[in-house]
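First to last, the sequence lines map onto chains W and X.
Per the working numbering, the very first residue in the first sequence carries number 1; after that it's consecutive.
Per the working numbering, the very first residue in the second sequence carries number 1; after that it's consecutive.
In this text, a Cβ means the ideal position worked out from N, Cα and C, and glycines have one as well.
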Amino acid sequence: MNRKENFTAGFIRENPVFGLYLGLCSTLAITTTLNNAIGMGVAVILVLVMSNVIISCLRKVTPSEIRIPVYIVVIATLVKIIQMLIKAYAPALDSALGVFIPLIVVNCIILGRAEAFASKNGIFDSALDGLGMGLGYTVSIIVMSAIRQLLATGILSFENPFHMDQVIFSLKLIPEDYVISMFSQPFGAFITFAFLAGALAAYKNHQNAKEAKKEAEAKKQAAQLAKEAK
Amino acid sequence: MKKVLHLTLFLALVAAIAGGALALANSLTAPIVAANALAAEKENLALIFPNAGDDDFEEITVKDSETIEKIFQVKGEGTVFKMQVTGYKEGTSFMVALDDNAVADDSFRDSLIGKNAEADTLDIISGATVSSRPVVDGINEAGKYLLENVK
């Protein structure tokens with residue numbers, strides 16, 4: 001697999017949220033507003049890239065018997081540092097995300113990438129993999145939170161996470177009488193998730209069917225060529 | 001045996017480096033976090049005493065009390081107690097503001113010293129009795145503390 005394929009895997013083919021169903025706890029819980037999703041996404045990207053790099057650096061000296069505890073220590077340390085930084089510089093984001101920042105430690109995407117990729121590949125490739133997977137996660141939760149926030153409140157808005165009073169944009173797209181506030185509840189999270197996961201699966205099936213057709217045609221052509229040669 | 005030692009030392013080393021990194025990050029962010037918390041608290045205080053300026057709040061040290069977390073004296077206005085009590089849930093936190101003029105009033109003094117404020121004379125707190133009783137106790141304690149130690 002070349003580098004570009006490896007980097008883009010996280011978006012569609014191996015999308016961690018809607019394709020592999022990883023990291024769902026935080027996905028379902030925090031996708032109520034765009035702000036939360038972007039804050040969470042950036043935190044996960046930072047942790048994922050750094051943990052992949054560190055674990056890749058340590059891959060040759062880490063004894064395989066204790067690799068999981070070593071990964072957990074590395075990941076937990078990074079998450080705690082990120083949490084402290086968020087608490088210090090973006091306190092409003094900290095109170096909005098609450099317990100889900102420390103829970104990044106147990107986000108399966110991070111441990112999954114450490115075990116499946118970073119422990120077997122070089123530093124640069126691992127960083128790229130972390131960035132790709134992190135962006136895949138971030139894009140997924142941004143899409144989900146945009147849908148939920150829009151349907152539940154009728155407003156799509158984004159505030160500067162370092163100064164919550166500073167509104168970067170705020171669009172009122174649906175009149176107040178037509179909003180479905182259910183979408184800000186857990187119930188709405190599951191419904192949105194199901195539709196998006198279904199859409200991704202449908203797209204992948206469609207893509208696979210196309211490829212299979214192409215392959216079959218190529219085979220047919222090859223067979224015909226062989227016949228003619230005879 | 002050698003293997004066990006190797007594994008133990010490796011994990012210990014990783015954990016030690018992690019601990020060092022955490023201590024460093026904490027020493028960098030802790031003062032900012034504390035300043036943020038203080039600013040948020042001052043905002044709450046300003047809601048209680050809107051006439052007081054930012055510098056009129058002075059924090060004074062608490063003498064032997066389990067429930068009083070912090071005391072702020074507001075110049076010429078009154079005193080604010082930040083209380084931490086255990087109700088239905090661990091760590092119910094609230095503020096008690098006592099006006100200087102009210103404390104000087106004898107009848108208020110008597111109501112604190114003589115008898116306790118009853119739970120049913122207060123508005124319901126979070127709709128539960130388990131939480132409101134410690135809150136009432138906290139208010140009484142703040143009043144007593146003010147009379148005994150501050151005034």
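So with CB distances below 7 Å, who are the chain W contacts of N26/X?
M84
According to DSSP, is E66/X helix, strand or coil?
coil
Among residues of its own chain, excluding the 5 on either side of A152/W, which ones have a beta-carbon nearer than 7 Å to its beta-carbon?
V179, I180, S181, F183, S184, G188
Taking only three categories from DSSP, how would you classify M83/X?
strand
Beta-carbon gap between G122/W and G10/W smaller than 8 Å:
no
Amino acids of chain W, ordered along the chain, whose beta-carbon sits closer than 7 Å to that of T29/X
M84, L85, K87, A88
Rounded to a whole number of angstroms, what is the C-alpha to C-alpha distance between Y203/W and K70/X?
59 Å
Beta bridge counterpart(s) of V74/X as assigned by DSSP
F57/X, G78/X
For a test of the three-state rule: what should DSSP assign to T33/W, helix, strand or coil?
coil
Simplified DSSP assignment, three categories, for F94/X
strand
What does the Cβ neighbour count give for I124/X, buried or exposed, with the cut at 16 atoms within 10 Å?
Its pLDDT being 47, under 50, I124/X is placed unreliably in this model, and the value from its coordinates should be taken loosely. Result: exposed.
Buried or exposed for E141/X, please, with buried defined as at least 16 other CB atoms from any protein chain shown within 10 angstroms of its CB.
buried
Give the list of continuous alpha helix (DSSP H) stretches no shorter than 4 residues that lie fully inside the region 42-127 of chain W.
67-89, 91-97, 108-113
Using CA coordinates, which residue listed in G138/X, E148/X, L147/X, L146/X is at the minimum distance from T67/X?
G138/X
Proximal residues of chain X, C-beta to C-beta of V106/W below 7 Å
Those within 7 Å of V106/W in chain X number zero; the least Cβ separation is about 17 Å.
Would you check if the region 4-18 of chain W and the region 91-104 of chain W touch, i.e. whether three or more CB-CB distances between them fall below 8 Å?
no
Close-in-space but distant-in-sequence residues of the same chain around K172/W (CB under 7 Å, 5 per side omitted)
G154, I155
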